[in-house]
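Chains as they are written, first to last, in this note's numbering: chain A, 2 to 344; chain B, 147 to 443. Even glycine gets a Cβ: it sits at the ideal position worked out from N, Cα and C. Note that the coordinates shown come from a computational prediction; the quantities given were computed from them, not determined experimentally.
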């Protein structure tokens with residue numbers, strides 16, 4: 002346990018260090034002035050420029066620069082956006098939770114719908130209902146997420162007018178940004194009509210969440226189904242059946258637990274897909290998340306923002322992945338090193 | 147449990163033939179393969195099939211609806227877009243750009259991934275573990291992010307987006323190759339070759355690679371479906387192929403401005419991407435279940 006913990010801690014630190022090094026090297030790889038790429042501040046004259054270079058230690062050798070860069074990162078001086086002039090830390094503090102919120106809801110949908118349906122299909126493998134579920138999942142798994150989002154917008158927003166087109170909440174509601182999660186913020190906010198605001202926010206949420214959730218659910222169904230089929234065919238299920246256990250008992254005690262184990266590491270892979278999909282869908286729904294923010298940054302060639310955005314997103318994804326892997330290792334110590342399963 | 151598996155006939159089908167038989171016995175998988183071959187023919191013979199030049203603009207034929215519409219004409223099968231370009235020709239060429247570049251980049255990722263993975267699998271101890279863990283971390287970075295960084299450094303373009311996706315796809319090949327090589331290295335037939343004096347290179351090419359090809363094909367189909375989706379997504383976000391290039395995702399983004407006037411300019415390229423990905427996924431699924439059936443026989 003302690004061994005595993007230290008292994009994962011070292012892995013985590015090393016990976017973050019590599020990422021930090023990568024984002025540091027981006028200062029020099031991006032076109033333009035390294036000073037502007039690092040700070041986002043445009044010096045007005047030579048004297049100011051000299052001072053800034055001194056202040057950010059850009060005249061020192063690279064290792065010292067990198068050390069200084071790490072210090073700056075830890076102390077929260079992430080630089081300023083080249084375009085808006087805002088502190089990047091504040092901007093990411095708003096954009097990141099929005100994406101996280103969207104992905105969380107989509108993941109919750111995927112788990113709540115995907116796992117039971119996958120179990121059902123796996124238990125009735127190679128019957129008509131299994132084929133139907135399998136076909137439906139392979140269909141929705143193949144949708145390009147941006148096209149799906151467009152179709153949904155066309156049908157539900159423009160034609161039917163059931164849900165709003167873009168954004169997180171109607172501008173009529175003034176919700177202060179506390180946690181970054183819109184639903185929690187609404188509950189924390191004062192002097193607004195909570196039920197109306199919640200209703201509005203959910204109307205905004207539902208389309209992007211379903212778009213991302215549909216694809217993740219399909220993946221979840223496929224993973225669960227495969228895993229259940231593998232477990233059902235194993236000798237200990239035959240043994241349990243021969244002992245006269247009821248179907249329900251076999252499923253609850255033997256199948257479910259063993260089938261859920263290999264799902265976790267696959268979920269770690271799904272996290273990456275999920276966040277990529279969330280980032281693409283955000284641009285279509287004008288969701289003020291990190292994907293939308295990054296696409297805007299690249300369109301305006303906002304290099305300081307790109308550098309920090311890359312670091313922030315990859316840190317989030319890698320933290321999640323390593324946490325899931327570690328958790329998996331904890332509940333299943335027989336798994337020596339993490340192996341990836343198959344769908 | 148040891149079981150005798152006697153084969154009654156004189157002729158012994160090779161593993162490949164057995165897999166192919168299993169694959170063909172599934173109608174859905176065969177249909178998927180046919181659709182995929184259809185798109186492959188499209189992309190290979192695009193100049194012969196396409197009735198018009200995909201870039202040729204025609205002011206006299208703006209927004210002609212598809213031929214099944216009342217106002218459509220048969221001379222433009224799928225209608226025309228906002229600049230009067232023939233949509234069918236553009237889609238045929240789009241298959242070439244999207245599917246062709248995806249196949250190309252999957253092959254590159256496969257070769258690089260297998261090379262690194264084999265080296266990592268044959269090495270032991272710390273070096274192998276470092277490669278493994280670092281690549282695991284790399285695998286977690288979303289393609290979109292890598293693409294954004296590459297676009298920022300090198301500029302937009304189809305080739306740059308291809309590099310980004312190749313970079314994102316390579317780690318999974320490394321991963322699978324590495325674990326495969328690891329398990330195979332412990333088996334007796336490799337030991338036998340070793341005792342015969344085979345060096346690492348011979349061991350790989352004569353003993354391990356023939357056994358690995360099936361795994362590579364299955365992984366390749368998974369990677370291909372990801373590549374098609376990613377390359378069109380990058381085109382759609384204006385990070386990949388630039389608009390005049392008939393790339394399916396970029397065409398979709400083009401059509402988005404006129405989606406209300408001419409919904410077919412959005413519907414048809416999207417449908418094409420969907421069908422390509424669906425066909426690849428169905429074929430991959432069929433291959434996997436065929437392999438599974440063969441191995442459990």
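Count the other CB atoms within 10 Å of the CB of residue 263 of chain B; is the residue buried (16 or more) or exposed (fewer)?
Buried, by the Cβ-count rule.
Mind checking residue 308 of chain B: buried by the 16 CB within 10 Å criterion, or exposed?
So residue 308 of chain B ends up on the buried side.
Measuring straight from C-alpha to C-alpha, what distance separates residue 138 of chain A and residue 419 of chain B?
When rounded, the distance between both Cα atoms is 17 Å.
Just to confirm my understanding: we take residue 104 of chain A, look at its own chain, exclude 5 residues before and 5 after, and list those with CB closer than 6 Å. What are they?
Only 275, 276, 279 meet the Cβ criterion.
May I ask which residues mark the beginning and end of the alpha helix (DSSP H) holding residue 236 of chain A?
Unbroken alpha helix (DSSP H) run through residue 236 of chain A: 236-243.
How many angstroms separate the CA atom of residue 339 of chain A from the CA atom of residue 326 of chain A?
Because residue 339 of chain A sits at a pLDDT of 45, beneath the cut-off of 50, its placement in the model cannot be relied upon, and the following sentence gives the value as read from the coordinates. Going by the C-alpha atoms only, they are around 7 Å apart.
So, residue 1 of chain A versus residue 170 of chain A, is the Cβ gap smaller than 8 Å?
Residue 1 of chain A cannot be examined here, being either before or after the span of chain A that is shown, 2 to 344.
Measuring straight from C-alpha to C-alpha, what distance separates residue 12 of chain A and residue 186 of chain B?
Between residue 12 of chain A and residue 186 of chain B, the C-alpha separation is close to 43 Å.
State the Cα-Cα distance for the pair residue 304 of chain B and residue 318 of chain B, rounded to the nearest angstrom.
Distance between the alpha carbons of residue 304 of chain B and residue 318 of chain B: 22 Å.
When you check each C-beta in the stretch 372-383 of chain B against every C-beta of chain A, which residues fall closer than 9 Å?
Within the stretch 372-383 of chain B, the residues whose Cβ lies closer than 9 Å to some Cβ of chain A are 372, 374, 375, 376, 378, 379, 382, 383, listed in chain order.
DSSP three-state label for residue 47 of chain A, please.
Residue state, collapsed to three classes: helix.
Smallest Cα separation from residue 78 of chain A: which of A/92, A/7, A/47?
With distances taken between Cα atoms, residue 78 of chain A lies closest to A/92.
Within a Cβ cutoff of 7 Å, which residues of the same chain sit near residue 179 of chain B, ignoring the five residues on either side of it in sequence?
Same-chain partners within the cutoff: 429.
Flag this pair as touching only if the stretch 224-240 of chain A and the stretch 256-264 of chain A have three or more C-beta atom pairs under 8 Å; answer yes or no.
They touch, by the three-pair rule.
Do residue 281 of chain A and residue 383 of chain B have their CB atoms nearer than 8 Å?
Their beta carbons are under 8 Å apart, which means residue 281 of chain A touches residue 383 of chain B by this criterion.
Where does residue 192 of chain A sit, in a helix, a strand or coil, going by DSSP?
Correct three-state label for residue 192 of chain A: coil.
Which one or two residues does DSSP pair with residue 81 of chain A in a beta bridge?
Partner(s): A/88.
Exposed or buried, what is residue 311 of chain B when buried is set at 16 or more other beta-carbons lying within 10 Å of its beta-carbon?
Residue 311 of chain B should be labelled buried.
Return the Cβ separation of residue 264 of chain A and residue 228 of chain A in integer angstroms, given the expectation that the two are a contact with Cβ distance under 8 Å.
Their Cβ separation, rounded to whole angstroms, is 6 Å, which keeps residue 264 of chain A and residue 228 of chain A in contact under 8 Å.
Inspect the beta-carbon positions of residue 370 of chain B and residue 248 of chain B and report whether they are closer than 8 Å.
Yes.
Closest by CA to residue 394 of chain B, which one among B/243, B/326, B/294?
Looking at the Cα atoms, B/243 is the closest of the given residues.
For residue 366 of chain B, which residues in the same chain have their Cβ closer than 7 Å to its Cβ, ignoring the five residues on either side in sequence?
Answer for residue 366 of chain B: 252, 256, listed in chain order.
CA-CA distance, residue 175 of chain B and residue 181 of chain B?
Distance between the alpha carbons of residue 175 of chain B and residue 181 of chain B: 10 Å.
Please name the residues in the stretch 139-150 of chain A whose beta-carbon is closer than 9 Å to at least one beta-carbon of chain B, in chain order.
Flagged, chain order: 139, 140, 142, 143, 144, 145, 146, 147, 148, 149.
Consider the Cβ of residue 245 of chain A: report whether some Cβ of chain B lies at a distance smaller than 8 Å.
False, the Cβ-Cβ gap to chain B never drops below 8 Å.
Measuring alpha carbon to alpha carbon, tell me which of A/113, A/120, A/33 ends up nearest residue 253 of chain A.
Considering only alpha carbons, the answer is A/120.
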